[in-house]
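Residue numbers (our numbering): 25 to 273. Ideal Cβ placement from N, Cα and C applies to all residues, glycine included. Just so we're clear, the structure is a prediction, and the values are computed from it rather than from any experiment. Let me begin by presenting the structure, written as structure tokens, before commenting on it.
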Amino acid sequence: MTRLPGIQPLAFDDWLLIDDAYAAQMAERDRLIAGQPEAVHALAPTAHSAAAELLALVLNDLDRRDGFQCFKTSVIRPDGVRVPLDHDAPLLTLGRLVQEDLCILEPDGAEHALTGAILCFPASWMLAEKFMRPLMRIHAPVPQYDENIGPRVQRLFDGLKPGRVLWRANVHFYDDPTLFQPRAESAPRMAVTAPAPYIRSERQCLLRLPETGAVVFSIHTIVVRSDDLNPEQKAALDANPPLAAETRV
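Next up, the structure:
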């Protein structure tokens, strides 16, 4: 399987990341899920089995982690919030347990399509515009996602083995630290270049569910002030600045 640039293997135990922003990010996720679930959640009936499998997988992972108390009908998070386990709404439940946004992609003809997602922290895209779309259509606004990259990504999906996790990270300049930043494809975009007040990075992972075979795309979002970067981080960013097409507002 040919690896795309920047993609690296990751141990499954390191897939879900609990960082020092957990409490604040989970409070925001709770607010979004309660206040506008239609904007952050979508699940095709045919993808419910995959979503249920994903919930079981995550619960098994959380049960071994310090700070989580897992019971038959609920989970107490590290911030002390008790989350009821609603197996009829597996993605909404997951959205209140982990910082990661979680997307489910399943085969649809020659491509994988987005059949389910809990997406509380979109970086300038809208779930409603991508839901049930194949990969090439999802990435239509991205100039780099062309007839060369698209098939390579699809081969990556096709060759992904259960138990194997792949990851990459991106970096974007932002003027606004807000985590929930949906943006329609038709909305005007302005490139934000350095120096910008905020750095937004996504830790993106891919894994295949062993039972349903669905692919999970997870996104862990980190937003920091540019001024808070240490010298080593600033040097790394200067050496590998975001491409103009990757900068977002």
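Bridge partners - residue i, DSSP secondary structure assignment
| i | result |
| --- | --- |
| Arg-188 | Paired residue(s): none; Arg-188 is not in a bridge. |
| Thr-245 | Glu-226 |
| Asp-132 | Glu-135 |
| Arg-232 | Val-239 |
| His-196 | Arg-224 |
| Arg-106 | Ile-100 |
Sub-8 Å separation of residue i and residue j beta-carbons
| i | j | result |
| --- | --- | --- |
| Ile-142 | Gly-119 | yes |
| Leu-116 | Asp-110 | yes |
| Ala-193 | Gln-228 | yes |
| Ile-162 | Val-195 | no |
| Leu-34 | Trp-191 | yes |
| Val-189 | Leu-231 | yes |
| Phe-92 | Leu-86 | yes |
| Ala-71 | Ile-128 | yes |
| Leu-184 | Arg-157 | no |
| Leu-41 | Gln-123 | yes |
| Ala-221 | Ser-250 | One detail in the question is off: residue 221 reads as Pro in this sequence, not Ala. Cβ atoms of Pro-221 and Ser-250: closer than 8 Å. |
Where the beta strand (DSSP E) containing residue i begins and where it ends
| i | result |
| --- | --- |
| Leu-79 | Leu-79 -> not in any beta strand (DSSP E); alpha helix (DSSP H) instead, spanning 72-86. |
| Gln-257 | Not the beta strand (DSSP E): Gln-257 falls in the alpha helix (DSSP H), residues 255-263. |
| Leu-34 | 32-34 |
Member of the options whose CA lies at the smallest distance from the CA of residue i
| i | options | result |
| --- | --- | --- |
| Met-214 | Ser-225, Phe-197, Leu-230 | Phe-197 |
| Leu-81 | Thr-236, Leu-190, Ile-100 | Thr-236 |
| Arg-88 | Gln-123, Ser-210, Asp-38 | Asp-38 |
| Phe-145 | His-244, Phe-36, Pro-219, Ile-31 | His-244 |
| Ala-58 | Leu-233, Lys-185, Asp-200, Val-107 | Val-107 |
| Ala-208 | Tyr-46, Glu-130, Leu-151 | Leu-151 |
| Asp-199 | Gln-257, Ser-242, Val-216 | Val-216 |
| Leu-180 | Glu-153, Ala-164, Ala-134, Ala-211 | Ala-134 |
| Val-240 | Pro-201, Asp-54, Ala-75, Gln-178 | Ala-75 |
| Pro-69 | Ala-113, Glu-62, Pro-61 | Ala-113 |
Extent of the continuous alpha helix (DSSP H) run through residue i
| i | result |
| --- | --- |
| Arg-157 | Note, Arg-157: premise wrong, no alpha helix (DSSP H); not H, not E. |
| Ala-63 | 61-64 |
| Gly-119 | 114-119 |
| Ile-173 | 173-183 |
At a cut of 8 Å, does the segment 47-61 reach the segment 88-108 through at least three beta carbon pairs? yes
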